[in-house]
Each structure stands twice: as structure tokens, then as C-alpha cells.
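> This structure is in C-alpha cells; I'll ask about it shortly.
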Amino acid sequence: MSTPAPISRAIPVWPAAVADAVAVLVFTVVGIASHDGSLVAALGRVVWPFALAAAIGWAVSRAWRDPARVWPTGVIIWAVTVLGGLALRGVTGGGLAWSFALVTAIFLAITMLGWRGLVAGIRRGQARAAAS
């Protein structure tokens, strides 16, 4: 009787980085389409604070160790992306409103933590299947 192969806990880094980048990009594209109108003119101006903050969040959390973990990895990346992105936007004249900060936090939580939650559910299912 053979022993099943152990389930790998970590996913490759690049799909996780792409998932977070897509979350930031979709957030900014939806915002631009809803408010600014000119996607090409506004994209670089709007996306960079959040993209930079997400990269800092990855470094702070050392996400490359297990990028799909919701806690603490995903929460740290999400928090740094939201707070850092809003701060960078504010200090560079992008303007801030409480409603924008709230929408930013909610949208990025759903997307950045959401995909990690799905991975966690899949991992639990794989562990249960392997145990039975």
C-alpha cells in the first residue's frame, strides 16, 4: 500500500503576486471608470500609490514564505496596501474622502483576502481528503 504524497502548504509566489496585482488594478480601473472617465490618462496617476503600498506589504509580511495565508500574510498585505496607498495618494495631492477610504478598504479586503480564503478552503478540503 502506498502512502499519499504530502499536500504542499505553499503555493508558488508568482500566482499570488499576480492575484494581488490584479486586485489593485481592478480597484483602480473601476474607480477611474466610475469617476475620472479617461482610463489611459488616469491609470498611472491612480494605481501607483496602491501598487507601491502592496509591494511594501509583501516585503513587510515576507509573503513569499506562504503568500496564500489569510492570517497574518494577507491581512498585513491588505492593511499596508489600504493605509499606505491612501497615505501616498493623500500626500501627493490625490485627495482623500472617508467614503473613498471605506470603499478602498472593503474592495481590497474582498479581493485580496477573498482569494486567500478560497485557497484556505481548498487546502482544508485536500487535508480532509488525504486524511480519509
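Using numbering that gives the first Met the number 0, the first residue of the sequence shown is number 0, and each one after it goes up by one. Ideal Cβ placement from N, Cα and C applies to all residues, glycine included. Predicted, not measured: the structure shown is a model, and the values here were computed from it.
May I ask you to report which of helix, strand or coil DSSP gives residue 123?
Helix at residue 123.
> For the structure I just gave you, are there three or more beta carbon pairs, one from the stretch 84-100 and one from the stretch 7-17, closer than 8 Å?
Counting Cβ pairs under 8 Å, fewer than three are found: no touch.
> Compute the beta-carbon to beta-carbon distance between residue 77 and residue 112, rounded to the nearest angstrom, for a pair I have assumed lies under 8 Å.
Sure, about 6 Å apart at Cβ, within 8 Å.
> For residue 65, does the three-state DSSP call read helix, strand or coil?
Note: residue 65 maps to coil in three-state DSSP.
> Alpha carbon to alpha carbon, how far is residue 106 from residue 61?
Between residue 106 and residue 61, the C-alpha separation is close to 23 Å.
> Three or more C-beta pairs closer than 8 Å, one from the stretch 120-131 and one from the stretch 20-37: is that the case here?
As far as the Cβ criterion goes, the stretch 120-131 does not touch the stretch 20-37, which means the pair count is below three.
> Once DSSP output is grouped into helix, strand and coil, what is the label at residue 11?
Reduced to three states, the DSSP call for residue 11 is coil.
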